[in-house]
DNA sequence: CTCCTATTGGACTCATAAGTCCATTTTACC
DNA sequence: GGTAAAATGGACTTATGAGTCCAATAGGAG
């Protein structure tokens, strides 16, 4: 449960506040400038903290901090899709979700904090890997639940494999966002979502 | 046409060979260890060259070298899909292409040189951005050509927008690969390709 | 043969940023 | 209010890796 060392250290109210200030300051700086352009000193400066504080609360240094930011951003990704992601119970509801996703990434623009942090940490690092894998697992599961519900009410062909379809849809979203990072356009993201949903509807476009 | 400076410098046969040795050595090291773990000194060591040589042929230093590697890898991506990508003229042909893509990325494993280089260079850098944008443009165009051909012979509903469909399919591929980088599985890539192609076939699974 | 330019070696500089250390202050709890 | 642990300030160390410089050699064109 606890981050890295596993040791549950005593945290006073003040300490907890400082820790959060550092974490959120780091996340903010990264969202704005990217990981590569974010040094520990930047974080310290923008949060009015000192080096000893940072290493006090994140003994693993930069890596531990980045990982914590990754967790934060991964959570945010799902948060930003709620409550629509959990209520895929009618075609209009799917459309609402689709729009929310597009909107979220359009707002985010060309800097994806999670992608940024991940490629810095390296996709092979156990910790980083776990964060992404878990995010994908939950995300895909919620989509699959939506598919199953629609199958239950006879709106989706029961011959479709919910998990596999959800996996494809999720891949489309990820790729759409990735392409957006370079092109600045959400065209691909929208196309992927629309095609995925159209396929669920049996080929009929909305 | 010429890389960055635009100045066409005189290159003797020997010089051209050295330049290529550096470039390919860098690409190889990156493919194996990732960008972050690739220093200029690593490249020099593994190619038996000296610092003055590297900066002689890549005056822009590390950044120019990485960009050159990105171009190399971007070309390779399309090369690896030939000739199938250009021959999407029947359903079995689509399947062959699909298999080739999956196989290519399965082989590549969890280190994607292009993704690695891109996130290091930053998606906003004009040069890096251009490389990816161009790759996506060509890739998508070739898929779209395949769709149009199938529409021409009446195998795909002419109501489908070839470019938009190709965009969605491409997004699925990108996302599938991205997810594979963390999970190690090509499940998502395969699901995305299969769903995309199934949609083209009008919902019928292969 | 000769001169100009390309090519090469490799030591050196320089900047940066992570991480360490210790002295000092604050807080929690009895 | 006294004490032990937590919290803090900030200077210092250290590692690393990019980029510079200059002197020395090789190659090609006339």
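Residue numbers (full-length UniProt numbering), protein chains in the order written: chain C, 1 to 206; chain H, 1 to 206.
Note that beta-carbon positions come from the ideal geometry of N, C-alpha and C, so glycine has one too.
Residue environment: residue 190/H is assigned as buried (16 or more neighbouring CB atoms within 10 Å of its CB, all protein chains considered). Using a C-beta cut-off of 8 Å, the stretch 136-149 of chain C makes contact with the stretch 75-92 of chain C, since at least three inter-stretch Cβ pairs fall below that distance.
With contacts defined by Cβ atoms closer than 8 Å, residue 66/H and residue 108/H do not form a contacting pair.
Contact check for residue 172/C against residue 192/C passes: the beta carbons are separated by less than 8 Å. Residue 131/H is a Cβ neighbour of residue 70/H, given a cutoff of 8 Å. Put simply, the stretch 47-54 of chain C touches the stretch 14-30 of chain C. At least three CB pairs are less than 8 Å apart.
Taking C-beta separations shorter than 8 Å and ignoring five residues to either side along the sequence, the partners of residue 122/H in its chain run 128, following chain order. Burial of residue 31/H is indicated by the presence of at least 16 other C-beta atoms within 10 angstroms of its C-beta.
In the three-state reduction of the DSSP assignment, residue 143/H falls in the helix class, which pools H, G and I. For residue 55/C, the uninterrupted alpha helix (DSSP H) segment begins and ends at 51-57.
Contact between the stretch 92-110 of chain H and the stretch 82-95 of chain C is not established, with fewer than three Cβ pairs separated by less than 8 Å. About 25 Å separates the CB atoms of residue 183/H and residue 110/C; that is not less than 8 Å, and the two are not in contact.
Between residue 31/H and chain C, the shortest Cβ-Cβ separation is not below 8 Å. Residue 169/H places its beta carbon less than 8 Å from that of residue 196/H. Exclusion of the five residues before and after residue 34/C leaves 111 and 116 as the residues of its chain whose Cβ lies within less than 7 Å of its Cβ. From the listed residues 81/H, 40/H, 73/H and 53/H, the smallest Cα separation to residue 63/H is found for 40/H. Between residue 167/C and residue 188/H, the CB-CB gap stays under 8 Å.
Taking the CA atoms as reference points, residue 104/C sits about 20 Å from residue 91/C.
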